[in-house]
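Below, the structure is given as structure tokens:
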């Protein structure tokens, strides 16, 4: 046998400590093996404050052998009495150790996977991954089946799930699917800054996608348009979206520019606001943004917010149809109508009497949502022709009494569904009776794209 094979342990430890350098562990978990030198080297070099051995019936004497090599007692080391031959036994023991060592940061706890039975190695590696522990391995040169003293070196094994961000990416996808786009964006952006290529570029694209939808979701169309421009700069293959998602994204990027223009135009007074509200091509992107936002809020069970967006859809449709007749709801000028004001007033009052109002009012200066639909009925607008107008007022009551409107209660799923039904009826009538366009294509273009797992 060569001279190196008879190297004294103290010299072996000195060399190993040199190789380990400044790395230390707050705690160390070792498997029951027949390699006391490996365990002693790790304890001597990593200098953990706490040590635990997961032993088998055949390796119960391992701690004593290790303590003898290190010339210490080892009385404060833990050695649970169970036989740790199986994956389940190993994992259970480590979970119990985590409770006992709950004051030690998880990454500061090292687990040794150098030797042991196959089941033990699998169990400790899985536990280290799930519990965010650090995995270490002692590499050696061998003479026969024995490690050569002095040849040992430590390897701190990277967790591929951490390196490539798989677990974090899965959480980001879960947040994205739950319509928490801001949360997803934060994780994707962090991964883009850390994960090696080509995955880093894919996470950067997903961060821009989530950022675009996070801004769109709160109706900040200008910011969403900026993120859409950044998104367009990525290679299409970097966006793992489902179905026709890429085509939808291209359409949405164009729509966001228009939405930013529309959002600024409709708040103005006068002819520009009137022209914008009367233009179906200006109306539909905004209506789609409101409508799909309502669908997302309803999917989250946030029915009051969903009803708020549904109400705005109903209001916007009425504003669009009134604008097509030349009326702004914020400042009604009935002189612009082809129908004489007196004749319209009579028709408006007749519509009120038809729904049971005994003291009908005259034409309003500022047109509320329901008065707007009564005016459309008085104008014989095709949107509401032959439609039971009272249904709009009745179904809107749940929204009007909600805490986000004029009341103090929450809307339940049933109340929301009844209100949403009326809004959907108006959307259907808008597309079929007024615009003569397919509703499905409009709705599909406004829906946020889904991600597939990659």
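In the numbering used here, the protein residues as written are 9 to 462.
Just so you know, even glycine gets a beta-carbon here, dropped at the ideal spot from N, CA and C.
In the structure shown, residue 428 falls within a helical segment according to DSSP collapsed to helix, strand and coil.
Under a 10 Å Cβ-count criterion, residue 28 is classified as buried, with 16 or more other Cβ atoms of the shown protein chains found around its own Cβ. Nearest C-alpha to residue 142 among 423, 37, 261 and 440: 37. The three-state secondary structure of residue 95, taken from DSSP, is helix.
An exposed status is given to residue 204, since fewer than 16 other beta-carbon atoms sit within 10 Å of its beta-carbon. Cβ contact annotation for residue 39 (same chain, cutoff 7 Å, sequence separation greater than five): 62, 120, 123, 124, 128 and 132, in chain order.
Residue 304: member of the alpha helix (DSSP H) spanning 288-307, first to last residue. Counting along the chain, no beta strand (DSSP E) covers residue 202; the unbroken alpha helix (DSSP H) around it starts and ends at 189-202. Within the model, the alpha-carbon separation for residue 377 versus residue 326 is close to 7 Å. Three or more beta-carbon pairs drawn from the segment 214-228 and the segment 183-198 are found closer than 8 Å, and the two stretches are therefore classed as touching. In the DSSP assignment, residue 46 falls within the unbroken alpha helix (DSSP H) covering 44-54. If you draw a 10 Å sphere on the C-beta of residue 107, you find fewer than 16 other C-beta atoms in it, and that means exposed.
With contact defined as three or more Cβ pairs closer than 8 Å, the segment 392-406 and the segment 424-435 are in contact. Relative to residue 94, the option among 78, 115 and 130 whose CA is nearest is 130. Rounded to whole angstroms, residue 299 and residue 179 show a C-alpha spacing of 27 Å.
Ranked by Cα distance from residue 85, the first of 146, 72, 91 and 24 is 72.
Note on the segment 216-273: there is no whole beta strand (DSSP E) run with a minimum of 3 residues. Listed as beta-bridge partners of residue 161 by DSSP are 147.
Ranked by Cα distance from residue 68, the first of 288, 353, 320 and 89 is 89. The beta carbon of residue 57 sits closer than 7 Å to the beta carbons of 34 and 35 from its chain, once the five residues preceding and following it are set aside; these are given in chain order. The segment 417-427 and the segment 379-390 do not touch, with fewer than three beta-carbon pairs separated by less than 8 Å.
Assignment of residue 329 by DSSP, reduced to helix, strand and coil, places it in the helix class. Annotation: residue 42 to residue 110 spans about 29 Å, alpha carbon to alpha carbon. DSSP places residue 320 in the helix class (H, G or I) of the three-state scheme. Straight across, the Cα-Cα distance linking residue 354 with residue 265 is about 43 Å. Annotated three-state conformation of residue 67 is helix, per DSSP. DSSP places residue 120 inside the beta strand (DSSP E), whose first and last residues are 117-120. For residue 38, the enclosing beta strand (DSSP E) stretches over residues 35-39. Apart from the 5 residues on each side of it in sequence, residue 117 sits with its Cβ closer than 6 Å to the Cβ of 35 and 141 in its chain, given in chain order. When secondary structure is reduced to three states using DSSP, residue 58 falls in the strand class. Contact check between the segment 283-297 and the segment 327-341: three or more CB pairs, one atom from each, fall below 8 Å, which counts as touching.
In the three-state scheme derived from DSSP, where H, G and I count as helix and E and B as strand, residue 142 is classed as strand. For the set 98, 139, 346 and 91, the Cα lying nearest the Cα of residue 112 is the one of 139. Closest in C-alpha terms to residue 214, from the list 81, 198, 341 and 175, comes 198. Under DSSP, residue 438 forms no beta bridge with any residue. Exclusion of the five residues before and after residue 238 leaves 216 as the residues of its chain whose Cβ lies within less than 6 Å of its Cβ.
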